[in-house]
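Participant:
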């Protein structure tokens, strides 16, 4: 059943406060157990042999010498997995195709990127497993490769997939190509719109792939027993989705696989996909022992994530008074080795912050010889928004209109028709713009070589399948079993707070636990900022189910009609106008006697949450540019965002701060660097430069609360919006500081210095 | 030649373990001594998740060999609280919401304690540089820096 | 008959049609009818498309009812990281 | 698989004997912050690690001939915390402070930084500018070698088989002398120099530069000593014009490559900027203004 639960305004005791997270003490004492911290008796260590080539046909694989090495207990290759036909399923950001999933976890006909798995070994120790990898002989026929998205779209580019014919074009193409899919989102008439424009600006942008950069490398441990059952402990954003995928690629019954989501050391979209899990199960099946596999950081960079690199073209027209009349964009996204990037979502949110009559966005999904992209926090949106918000900034500058004012003149609001589909319900975009404009940081004085930039972001947010159970314990406490992984933001605390609010008991009397896949019905992955929205809705409904059962119990014990019992302040008491007087029963009293009055009480909910509320944010970035070296320093950074309702404001701020700094890293220095040979040159944290503490300032957070009408507490979801605007805000701030527009990401010192010199050479004001 | 037999003091306890020459102190702590609070994020000294104190020096345990621990004194996250009493830094990290996924937290706390031992009254900038060897991808460092400054205040009795 | 609109990006799969009328009682019936009418669209229906029925968005609700005078919009499903 | 051995000798003599017996298949192991990574990635596979951290001569810091001698295995943090050294050679300490994080400096040694022979090693330009001399011992006895002569290109040294660096001497210096080291990195910390510049100079009572050494890192196959750049300072007041010429001479001396860390053009330009800024700091220090 699809479910929406309407928002009710009511006095709150727990929601909106800042209690400590239930996983906190374990995390500050080193007790928290992440996947790599699990061990099983008799376990083997598994390691993966990876392709050293960007593109090659596998002519043969000889594992005999590895198998003969003492201590090696199993070796698996493509021959140990069934081939899969094209079949789609939902998985986090994107629809996945099992034909590709099985080829990505273990190469079949060809290797398609540096780092593509070719074989896996399980041995008594890591050092034996590593030595065994060196004994596997793979014969490759090296093929020409293509890394760049624009190059890959050319007709004579090296072809990754001989059977890939562009989807979404008519007539159907006769020749295969790297262009997997073309999509067009449109509304109104561009010709009309550009005719009405007084000012038209057309610009091109390029971005490099960036990695989610979670600090915990992928890890899992699996055991397969002789009766055909498998158990897996892994770091994942969605253990039910992993179970589904494992069942498919290993041709097992879902009921025979049990997955436990361990404490997760960061994901950000990058832990939505199976990598080592099927290999560990296959190795365990072959060796009859548990197999533990932990990726190295180098493997994480070479073979997981990243997000797309892209080429983006934006053309905007507007009137003299700043009303946008036409908006056109082309987004060319790298999908990596297999089709399916975030280009569709990027297309759908490129212009969606604005109320526009005439829009067209063309999206291209392009396969290249790089690791298959994974979701990364608001997948694709930062890339599209970098281009769009830069051009809007340029418009404001040319028209002499304040950049926030220009955005206010075009801002989407309730009732705005989007170009991708629905009309907006109540949204808080305009509120964020007003609050940003009024913020003291918007007027803070700027020093020499300093500048200020504005940019905005929008994300859809999602609901989807969610299950939850709430057990009322015999002492009057409650245990909440959740199926949505707490991907770090603190959703366990938020759920427990909402449940405590519903039950009318203290927050610390509710213990939230993430159940394994045997504990609950299906739960979709924690993605799309759905954790607190959908998980919260399920938890609230489980609590309401338990309350309903407790009311019934009170009615039976007190021998009054059900309608006479109201639930308030943690007890069943006479309903106003209910017609019966009786001694109220507290939750503790009900719980204590539950066994003898009809059995223990638990609430359940199994829903498909609909009604997610779109989120909007406005960012103010202040930068200082060293004109002689091109170094950009972030001086101040402010986020104003509508979250609907902040259940736990400190954890909402945490999402803003973390998302902003990821966005700052993306803007300034993060990038995948490939050599001419198609091999990744910076697979480590030394040369893949995520921000360190001394690179960033404090982040000012302003929480705006325009309730989502479709959630009992008004939650929209908040985790993804913060990463969308930083790239554009920083680029706009650089322009404001030194009069140079940066349209290449990352805005690293060599690129910035080059742009400064080019501008000086062109006679621009520097 | 077989494995090395190493005797060391970890969090005040005399311990003994066996290791190969190539095994790191991090591997010895996690796999031989079951002290898995120290984390591996990179294995190359670039993320700080494996930070421990070795004879009073802050080090990345992934860049120390297990065999070098012979006769040495090591402090890890597991020894930071004294019984029920959390270290002020641990408490402030909780109160300030200075952790999310928690994978960097043990190393971050060890580094923060080392910082405050050298400099009990650091500025914001000194805290940021003092923790620059510890990557955190979740928090943007904001609440971590606040928590360390607040803990420093409390520890100084200010 | 419910009025069905398909977002513009689906044109390649419908021979260019974006507005039709269908007699369907819920989303599952809608998908079945659309799949028969537009075979190229069929593979996308369940996994890639969301519907808005009289302004309310459903991403995964095959049984959501569609009234005889409903306005229904089909567009791409959304997710996140 | 050949098992790797580990030895921790207590004397130089014992260390030399171990190195000699290993026939080139041993590695001197001090901080290990480069070596362990190279071993992990399989780039080096030594049969023997000779841990020299227990050898007193390699772990001490002492005044020597009016300057300072420090052991090649002294850790970065020990150098940073040594007040006398920081007072006399602030530029060398600037450089040591930049060798990795506090954690890495808790282990990494200057001897390792020098012998790893990376053109981007932070301590090397500062040592070169400071006229530091390395004491090397080997099967044929002891020799003293200027630091700039140790690297023979990326990852290669001029050390012979069985030789190792024991210590470095930072010489005594005249009044009104100071040094400075600056590097450019995209991040504030945890990075490898895209360009590094060391400047060491002496002023006379009138503020005219009488002696100067300028060195550059990460702009060639090894750290460069750039006398042409120093010549622009000597005999002049270190002011705008001299600094401009210094910058130009530094840029002109570069012969860098494009790599993942920076482009050729960028390195050439920024080498001049770093040299100029380092000279400005050195002058302020020499005048006692900081």
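Residue numbers (the numbering used here), protein chains in the order written: chain A, 1 to 766; chain B, 767 to 924; chain C, 925 to 1005; chain D, 1006 to 1295. We put the CB at the ideal spot given by N, CA and C, even for glycine. Because the structure is a prediction, the values reported are computed rather than measured.
Note down the Cα distance separating residue 1093 of chain D from residue 300 of chain A, rounded to an integer number of angstroms.
Facilitator: Approximately 45 Å, taken between the alpha carbons.
Participant: Can you name the residues of chain D whose CB is closer than 7 Å to the CB of residue 629 of chain A?
Facilitator: Going along chain D in sequence order, the residues near residue 629 of chain A (Cβ under 7 Å) are 1189, 1275, 1278.
Participant: For residue 1227 of chain D and residue 1129 of chain D, what's the separation of their Cα atoms in angstroms?
Facilitator: Going from the Cα of residue 1227 of chain D to the Cα of residue 1129 of chain D covers about 9 Å.
Participant: Under a CB-based cut-off of 8 Å, is residue 1000 of chain C close to chain A?
Facilitator: Closer than 8 Å: yes.
Participant: For the 8 Å Cβ check, are there 3 or more pairs between the stretch 888-906 of chain B and the stretch 700-714 of chain A?
Facilitator: No: fewer than three Cβ pairs fall under 8 Å.
Participant: Kindly list the residues whose CB is nearer than 6 Å to the CB of residue 116 of chain A, restricted to its own chain and excluding five residues on each side of it in sequence; keep chain order.
Facilitator: So the qualifying residues of the chain are 51, 107.
Participant: Using a Cβ-Cβ cut-off of 8 Å, state whether residue 860 of chain B counts as contacting chain D.
Facilitator: Closer than 8 Å: no.
Participant: How about the stretch 288-303 of chain A and the stretch 361-369 of chain A: do they share at least three Cβ pairs that are nearer than 8 Å?
Facilitator: Counting Cβ pairs under 8 Å, fewer than three are found: no touch.
Participant: Is it right to say residue 993 of chain C is buried, meaning 16 or more other beta carbons lie within 10 angstroms of its own, or is it exposed?
Facilitator: Residue 993 of chain C comes out exposed.
Participant: Determine whether the Cβ of residue 910 of chain B lies closer than 8 Å to any Cβ atom of chain D.
Facilitator: Judged by the 8 Å Cβ criterion, residue 910 of chain B is not in contact with chain D.
Participant: For residue 96 of chain A and residue 383 of chain A, what's the separation of their Cα atoms in angstroms?
Facilitator: Cα to Cα, the separation comes out at about 22 Å.
Participant: Within the continuous alpha helix (DSSP H) that includes residue 1081 of chain D, where are the two ends?
Facilitator: Looking at the DSSP string, the run of the alpha helix (DSSP H) that includes residue 1081 of chain D is 1081-1085.
Participant: If we count the other Cβ atoms within 10 Å of its Cβ and call it buried at 16 or more, is residue 170 of chain A buried or exposed?
Facilitator: Flag for residue 170 of chain A reads exposed.
Participant: Any beta carbon from chain A within less than 8 Å of residue 963 of chain C's own beta carbon?
Facilitator: Chain A, which has no Cβ nearer than 8 Å to the Cβ of residue 963 of chain C, makes this no.
Participant: For residue 1102 of chain D, which residues in chain A fall below 8 Å Cβ to Cβ?
Facilitator: What residue 1102 of chain D touches in chain A: nothing, since even the nearest Cβ is about 13 Å away.
Participant: In the DSSP assignment, find the alpha helix (DSSP H) that holds residue 732 of chain A and state where it starts and stops.
Facilitator: Note, residue 732 of chain A: alpha helix (DSSP H), 726-738.
Participant: Among the residues of its own chain, which have a CB less than 6 Å from the CB of residue 1148 of chain D, if the five just before and after it don't count?
Facilitator: Cβ within range, chain order: 1141.
Participant: At 7 Å on the CB atoms, spell out the chain D contacts of residue 812 of chain B, in chain order.
Facilitator: Near residue 812 of chain B (Cβ distances below 7 Å), the residues of chain D are 1195.
Participant: Measuring only the C-alpha atoms, how far is residue 768 of chain A from residue 671 of chain A?
Facilitator: There is no way to answer for residue 768 of chain A, as the model of chain A reaches only from 1 to 766.
Participant: Only counting the same chain, and skipping five residues up and downstream in sequence, which positions put a Cβ closer than 6 Å to that of residue 1015 of chain D?
Facilitator: Once the five neighbours on either side are set aside, the close Cβ partners of residue 1015 of chain D are 1059.
Participant: Against chain C, which members of the stretch 594-608 of chain A pass a CB distance test of less than 9 Å?
Facilitator: From the stretch 594-608 of chain A, only 608 have a Cβ closer than 9 Å to chain C.
Participant: Please name the residues in the stretch 652-683 of chain A whose beta-carbon is closer than 9 Å to at least one beta-carbon of chain D, in chain order.
Facilitator: Residues 668, 669, 673, 675, 681, 682.
Participant: Enumerate in chain order the residues of its own chain whose CB-to-CB distance from residue 313 of chain A is below 6 Å, with the five nearest sequence positions on each side excluded.
Facilitator: The answer, listed in chain order, is 204, 330.
Participant: Beta strand (DSSP E) containing residue 1024 of chain D: first to last residue?
Facilitator: Where residue 1024 of chain D is concerned, there is no enclosing beta strand (DSSP E), although the alpha helix (DSSP H) it sits in stretches over 1017-1026.
Participant: Who are the near neighbours of residue 1017 of chain D in its chain, counting only those whose CB is closer than 7 Å to its CB and skipping five residues on each side?
Facilitator: Within the same chain, residue 1017 of chain D has close Cβ partners 1060, 1062, 1142, 1171.
Participant: Helix, strand or coil: which one does DSSP assign to residue 276 of chain A?
Facilitator: In this structure, residue 276 of chain A counts as coil in the three-state DSSP scheme.
Participant: Look up residue 641 of chain A in the DSSP assignment and give the residues it is bridged to.
Facilitator: Partner(s): A:617, A:703.
Participant: Between A:631, A:217, A:120, which lies nearest to residue 135 of chain A when the distance is taken from Cα to Cα?
Facilitator: The shortest Cα separation from residue 135 of chain A among A:631, A:217, A:120 belongs to A:120.
Participant: Residue 402 of chain A to residue 442 of chain A, Cα distance in whole Å?
Facilitator: When rounded, the distance between both Cα atoms is 11 Å.
Participant: Measure the Cβ-Cβ separation of residue 1291 of chain D and residue 1183 of chain D and say whether it is below 8 Å.
Facilitator: Cβ atoms of residue 1291 of chain D and residue 1183 of chain D: closer than 8 Å.
Participant: Cβ of residue 926 of chain C within 7 Å of any heavy atom in the ligand NAP?
Facilitator: As presented, the structure is devoid of all ligands, the ligand NAP included, so that no description of it is given.
Participant: Give the straight-line distance between the Cα atoms of residue 766 of chain A and residue 736 of chain A, rounded to the nearest whole angstrom.
Facilitator: Low per-residue confidence applies at residue 766 of chain A: pLDDT is 38, beneath 50, and the placement is therefore not dependable enough to give any value.
Participant: Between the C-alpha atoms of residue 426 of chain A and residue 412 of chain A, what's the straight-line distance to the nearest angstrom?
Facilitator: If you take the alpha carbons of residue 426 of chain A and residue 412 of chain A, they lie about 10 Å apart.
Participant: Give me, in chain order, the residues of the same chain whose beta-carbon lies closer than 8 Å to that of residue 1052 of chain D; leave out the 5 immediate sequence neighbours on both sides.
Facilitator: So the list reads 1007, 1009, 1010, 1027, 1030, 1031, once near-sequence residues are dropped.
Participant: Please list the residues of the stretch 801-835 of chain B that have a C-beta atom closer than 8 Å to any C-beta atom in chain D, keeping them in chain order.
Facilitator: Here the close residues are 809, 810, 811, 812, 814, 817, 820, 823, 824, 825, 826, 828, 829, 830, 831, 833, 834.
Participant: So with CB distances below 9 Å, who are the chain G contacts of residue 464 of chain A?
Facilitator: Although the question refers to chain G, the structure presented lacks it and instead comprises the protein chains A, B, C and D.
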